[in-house]
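J.: Just so it is clear: in the sequence shown, position 253 is 235 by the working numbering, and no numbers are missing. We put the beta carbon where it would ideally sit given N, CA and C, even for glycine. All values reported here derive from a predicted model rather than from experimental measurement.
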Amino acid sequence: MSGEATSHRQTYDHAPFLRPLAVLSAAMGRELTQVQGPGGNTSLKHEGVLWVKASGTDLADAVETPIFVPVDLETARNAILADEDRPIPALDTQEAEGMRPSIECSLHALMPHRVVLHNHDVNVIVWAARADAKATLGAAMAGLNWAFVPYARPGLPLTRAVRAVLDTSRPDILVLGNHGLVVGGETPEAAAAHLDRVRERLEIEPRTVAGPDHDRLHALCEGTRFAPAAMAAAHLTALDEAALHVAAGGVLYPDHVVFLGPDLAVLPQDGEGGLEEIEARLVAVPGAGVLIEKSVPEAAQAMAACLGLVSIRFPQDVDTRYLNADDIAALLGWDAEKYRQELARRKAAAMQG
Ligand SMILES: [Zn+2]
């Protein structure tokens, strides 16, 4: 404990006011149901400077490593008002060297609160990926100072969507459609209190399932480019019929596409040895578990776990709002028309095979 306290003191010698936020951020980052891999970000505004999580860093490391990069708040807000589609630069300081602000930096600049927390809570994602998200959330969140922001791609489109909401209201809580949660408060404790309140309202009991069939998964993978998913939660997707149904139906939230691509392949029940023809990076083996391409980065393992945690909570017989072809193409940096052609090609190939 004292070791952690010492290093944490040294980590933020240049900005001691960040210490309470660092502790809170690390706690958030260690909860797989809130943050998966490099997802989620936190920030604090201090004397005209927005300190926001740097791109590619993990919240879980916040105590041991300086993860916050300083940005001039007025510059950031002016860029937003000018509707500029370019990254907001970090301040030219020694601490900021080699760091870039998170792509979601503008979200933090826009929120008027001193402290802003953003996570990809799996419970929130379930509510926010329902076709009737706004109406059902309206009932579940009654009495809280909150607003719903329809899905928009992280970056300028999301900035615009959040701006539209904040132009006419001052919510402490934003539920981002097909994405996650944003809360603001004057202190880390106040912001965390909003987070806890939302979690209480929106917590969903996951369905219980039998464990994965490791022997079968290992046997299937032999000699292929796949391996059983590394994190236990990832297998949930294939161990429950309703979970598999919702996960195989489309893409639920943007980070999934970024790290795992748009496709989840489902191995047919008699599909022994059919892995070679599969183009997807993620394969569900119904009743056995989930396989993942061996070459994927660690963050992709966390995203596979996220899908398991979301899909095992997704209610049965509820309509889903999946990302559409344009949303997915934009996330992949593809031309939308090219992506539609690719989809048609894959569909034809699947029908032949
Ligand atoms: Zn996000």
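Less than 8 Å between the CB atoms is what I'm expecting for L32 and H90, so what's the real figure, rounded?
T.: Contact holds; Cβ gap of about 6 Å.
J.: Alpha carbon to alpha carbon, what distance is there between L148 and A175?
T.: C-alpha separation (whole angstroms): 21 Å.
J.: Relative to ligand 2, is the shortest distance from any of its heavy atoms to the C-beta of H90 smaller than 7 Å?
T.: Annotation note on ligand 2: not contained in the displayed structure, which lists ligand 1 as its ligands.
J.: Using a Cβ-based criterion (distance less than 7 Å to any ligand heavy atom), does G21 qualify as near ligand 1?
T.: Yes - ligand 1 has a heavy atom lying nearer than 7 Å to the Cβ of G21.
J.: What I want to know is whether the C-beta of P137 ends up closer than 7 Å to one or more non-hydrogen atoms of ligand 1.
T.: Going by the sequence as given, residue 137 is Gly instead of Pro. Result no, Cβ not under 7 Å from ligand 1.
J.: So, helix, strand or coil for S293, using DSSP?
T.: Residue state, collapsed to three classes: helix.
J.: Expressed to the nearest angstrom, what Euclidean distance is found between the alpha-carbon atoms of D195 and A212?
T.: C-alpha separation (whole angstroms): 13 Å.
J.: Secondary structure at S(-16), three-state DSSP: helix, strand or coil?
T.: Annotation note: pLDDT 43 at S(-16) (below 50); position unreliable, no value reported.
J.: State whether the segment 245 to 254 contacts the segment 170 to 186, with contact taken as three or more CB pairs (one from each stretch) at a distance under 8 Å.
T.: Contact between the segment 245 to 254 and the segment 170 to 186 is absent, because fewer than three Cβ pairs lie under 8 Å.
J.: Within a Cβ cutoff of 8 Å, which residues of the same chain sit near K320, ignoring the five residues on either side of it in sequence?
T.: So the list reads A311, once near-sequence residues are dropped.
J.: If we ignore side chains and look at the alpha-carbon of each, how far apart do L6 and L14 end up?
T.: Approximately 15 Å between the Cα atoms of the pair.
J.: Between the alpha carbons of A(-13) and G19, how many angstroms are there, rounded?
T.: Reliability fails at A(-13), whose pLDDT of 49 lies under 50, so the model's placement of it is uncertain and no value is given.
J.: Checking the sheet assignment: what are the DSSP bridge partners for A247?
T.: Per DSSP, V265.
J.: Just to check, is the beta-carbon of G162 closer than 7 Å to a non-hydrogen atom of ligand 1?
T.: Flag set: Cβ of G162 near ligand 1.
J.: For the pair the segment 125 to 133 and the segment 78 to 88, tell me if three or more CB-CB distances fall below 8 Å.
T.: As far as the Cβ criterion goes, the segment 125 to 133 does not touch the segment 78 to 88, which means the pair count is below three.
J.: Taking 7 Å as the cut-off, is the C-beta of E336 nearer than that to any heavy atom in ligand 1?
T.: Summary: the structure shown does not reach residue 336, with the chain confined to residues -17 through 335, and so no result is reported for it.
J.: Does at least one heavy atom of ligand 1 sit under 7 Å from the Cβ of H102?
T.: Under cutoff, so the answer is yes.
J.: Threshold first: 3 residues or longer. Then list the beta strand (DSSP E) segments lying entirely within the segment 110 to 149, N to C.
T.: The qualifying runs are 128 to 131.
J.: Distance check for L156 and F(-1), CA to CA, integer angstroms please.
T.: So the two alpha carbons sit approximately 25 Å from each other.
J.: Give the range of the beta strand (DSSP E) segment to which H90 is assigned.
T.: It is not in any beta strand (DSSP E) - H90 instead sits in the alpha helix (DSSP H) that spans C87 to L92.
J.: From which residue to which residue does the beta strand (DSSP E) around G162 run?
T.: Where G162 is concerned, the enclosing beta strand (DSSP E) stretches over G162 to G167.
J.: How many whole angstroms separate the CB atoms of G243 and R263, which I take to be in contact at a CB cut-off of 8 Å?
T.: Between R263 and G243 the Cβ distance is about 5 Å, and since that is below 8 Å, they are a contact.
J.: Assuming D222 and R198 are in contact, meaning their beta carbons sit under 8 Å apart, how far apart are those beta carbons, in whole angstroms?
T.: The pair is not a contact, with the Cβ atoms about 17 Å apart (cut-off 8 Å).
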